[in-house]
Amino acid sequence: MPEPRGGAHVDVAVTIIVPTFNERENVAELVARTAAALNGHAAEILFVDDSSDDTAAEIERVARDAALPVRVIHRSENTGGLGGAVAVGLAEATGDVCIVMDGDLQHPPELLPAMLARFGAGDVDVVAASRYIGGGDSRGLGTAMRFGVSRAATWLTKAMFPRRLARSSDPMTGFFLVDRRMLDVPTLRPQGFKILLEILARSDVRIAEVPMEFSERRSGTSKATLRQGATFVAHLTRLRFGKMSMFALIGGIGAVANLGIMWILIAMGMPYIWAAIIGAAATIVGNFLLQERFVFADMRQDARGPWTRFAASITFNGVEAALRIPIMALMVETWHISSILATAISLVIAFFARFLFHSLVVYAPRRGRSRRTDAAGTEPVTDTAAQRILKAIDAEAMRPGEL
Ligand code: GDD
Ligand code: MN
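Residue 307 in numbering that gives the first Met the number 0 sits at position 308 of the sequence shown; the count goes up by one each step and never skips.
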């Protein structure tokens, strides 16, 4: 049945996806207000719950006499945090029109009809509730600090995706409608809080916005932390430039840290040789830990143990240090180029070699172990080295299409 266009009346099956992490006190009111707001729409509420308290039981209790169908998926493992929960909701929703909404009533359910009406006009695939357009309001964010950070993150993000986010004043909002048919849900790699950003950056969707008033949290506490902030920066970099740039960024930070440590130790009176050794050691360990956390986190599980990875990584450093200077000298001798140019070339080659070695060797899946056994439980597949190289190049080439 074709959907009516242009009118406020939309007769589509809608799924309201609500991620929850310890939101017991908010469930009953959220369900009641959502049901009241959606009065007349064919809709269901799907909670995707990662709570450590009895939120899921409370949802089941409220579902029994709710005015619309209410389901809950309680995940045994919290993969991908809030974003991961939303991805599960998108996959399991009954309706193709999905609206993601927080479970703490900071997103007023009363806005749902306006979002559906905007979608009903038929010219967009996403309708986001924005805190930053006329009538919008983000006082509910709390402290001025939190507001400033949120604004700065928004500008940074928009600057990095000037085309894809041109029509989005609030790509970080967690309150949005999306037509699931426009997404390739299994390819979403949501991490942490920014699922809309992931959708906008990776798929070609048309977006419209409606203003929202971001309310105060009703009950319970926010799960936004500094750690979420770090995860966000990593997510952004990975979305924009792929794993390799994150790897480079950490390498760069490491080089600066190395100099800083040396400088402090020498200033404290340590002989420069010792300062250099300690600086190098601290940088090697620090880089390794950061790469583990921010670049290769998704590959760690199938790879060899952490000590083996560490050993492989420092072995590479040693071999690289031993080979780079002779190779540079060879370039100067045979190509007759300046030593500065030769050094630059050798550093670039060393960088790519380092990245390829880490992604293809240090974090390679263990022999006989699957990279990923799919949900259907099919036989594990082990890639050959050639396939792995092709996949790594592929993953790097598959970036959101813009710059
Ligand atoms: N299933 C699941 N798993 N739900 C989670 C998790 C998780 O690991 N972490 C948080 N949630 C749920 C919370 O229970 C709540 O319903 C919603 O996700 C938002 O979490 P809050 O902790 O209330 O986040 P916030 O208010 O600080 O952040 C809001 O503003 C951000 C923009 O500044 C949210 O709307 C975010 O989506 C939004 O990006
Ligand atoms: Mn909240």
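The C-beta atom is built at its ideal place from N, Cα and C for all residues, glycine as well.
{"Check": "With 16 other Cβ atoms within 10 Å as the buried cut-off, status of glutamine 105", "Outcome": "buried"}
{"Check": "Check: aspartate 48 C-beta below 7 Å from any heavy atom of the ligand MN", "Outcome": "no"}
{"Check": "Own chain partners of proline 18 with C-beta closer than 6 Å, once the 5 adjacent residues on each side are dropped", "Outcome": "Val47, Leu81, Ala84, Val85"}
{"Check": "Rounded C-alpha distance that separates asparagine 38 from serine 51", "Outcome": "32 Å"}
{"Check": "Any 3 or more C-beta pairs closer than 8 Å across the region 253-264 and the region 230-237", "Outcome": "no"}
{"Check": "When Val184, Ala247, Thr153 are compared against leucine 346, the one with the closest alpha-carbon", "Outcome": "Ala247"}
{"Check": "Terminal residues of the alpha helix (DSSP H) in which aspartate 297 lies", "Outcome": "296-299"}
{"Check": "Uninterrupted alpha helix (DSSP H) stretches inside the region 269-294 (no shorter than 4 residues)", "Outcome": "271-289"}
{"Check": "Straight-line gap, valine 71 to leucine 45 (C-alpha atoms, nearest Å)", "Outcome": "6 Å"}
{"Check": "Cβ neighbours of alanine 200 in the same chain (closer than 7 Å, five flanking residues each side left out)", "Outcome": "Phe160, Arg163, Leu238, Pro399"}
{"Check": "First and last residue of the uninterrupted alpha helix (DSSP H) at isoleucine 252", "Outcome": "242-266"}
{"Check": "Length-filtered (3 minimum) beta strand (DSSP E) runs lying within the region 147-209", "Outcome": "175-178"}
{"Check": "Coil, strand or helix - histidine 406 by DSSP", "Outcome": "No answer is possible for residue 406: the residues shown for the chain start at 0 and end at 402."}
{"Check": "Residues near threonine 282 by beta carbon distance below 8 Å, same chain, minus five either side", "Outcome": "Gly253, Ala254, Ala256, Asn257, Ile260"}
{"Check": "Secondary structure of threonine 14, DSSP reduced to three states", "Outcome": "strand"}
{"Check": "Extent of the continuous alpha helix (DSSP H) run through serine 338", "Outcome": "338-356"}
{"Check": "Straight-line Cα distance separating phenylalanine 118 from valine 125", "Outcome": "7 Å"}
{"Check": "Outcome for tyrosine 271 when other beta-carbon atoms lying within 10 angstroms are tallied against a minimum of 16", "Outcome": "exposed"}
{"Check": "Any non-hydrogen atom of the ligand GDD closer than 7 Å to aspartate 18 Cβ", "Outcome": "The sequence given here has proline at residue 18, not aspartate. For the ligand GDD, at least one heavy atom lies less than 7 Å from the Cβ of proline 18."}
{"Check": "Residue range of the alpha helix (DSSP H) that includes phenylalanine 118", "Outcome": "111-119"}
{"Check": "Closer than 7 Å: aspartate 103 CB and nearest the ligand MN heavy atom", "Outcome": "yes"}
{"Check": "Expected contact under 8 Å - CB spacing of valine 99 and isoleucine 206 to nearest Å", "Outcome": "Not quite, the Cβ-Cβ distance comes to about 14 Å (not below 8 Å), so this is no contact."}
{"Check": "Assigned exposure category for alanine 12 - 16 Cβ within 10 Å defines buried", "Outcome": "exposed"}
{"Check": "Nearest-angstrom Cα separation, counted from arginine 130 out to leucine 402", "Outcome": "For leucine 402, the predicted model reports a pLDDT of 26, less than 50, meaning its position is unreliable; a value from the coordinates is still stated below. If I take the Cα positions, the gap works out to 26 Å."}
{"Check": "Start-to-end residues for the alpha helix (DSSP H) that takes in serine 312", "Outcome": "305-334"}
{"Check": "Helix, strand or coil at alanine 302 [DSSP, three-state]", "Outcome": "coil"}
{"Check": "Neighbourhood of leucine 187 by C-beta distance below 6 Å, restricted to the same chain and skipping five residues each side", "Outcome": "Ala86, Glu197"}
{"Check": "Isoleucine 58 (DSSP reduced to helix, strand or coil)", "Outcome": "helix"}
{"Check": "Three-state class that DSSP yields for alanine 84 in the structure shown", "Outcome": "helix"}
{"Check": "Endpoints, the beta strand (DSSP E) within which valine 419 is located", "Outcome": "Here the chain covers residues 0 to 402 and nothing more, so residue 419 does not appear."}
{"Check": "Exposure of leucine 329, with buried meaning 16 or more beta-carbon neighbours within 10 Å", "Outcome": "exposed"}
{"Check": "Phenylalanine 351 classed as buried or exposed, judged by whether at least 16 other C-beta atoms fall within 10 angstroms", "Outcome": "exposed"}
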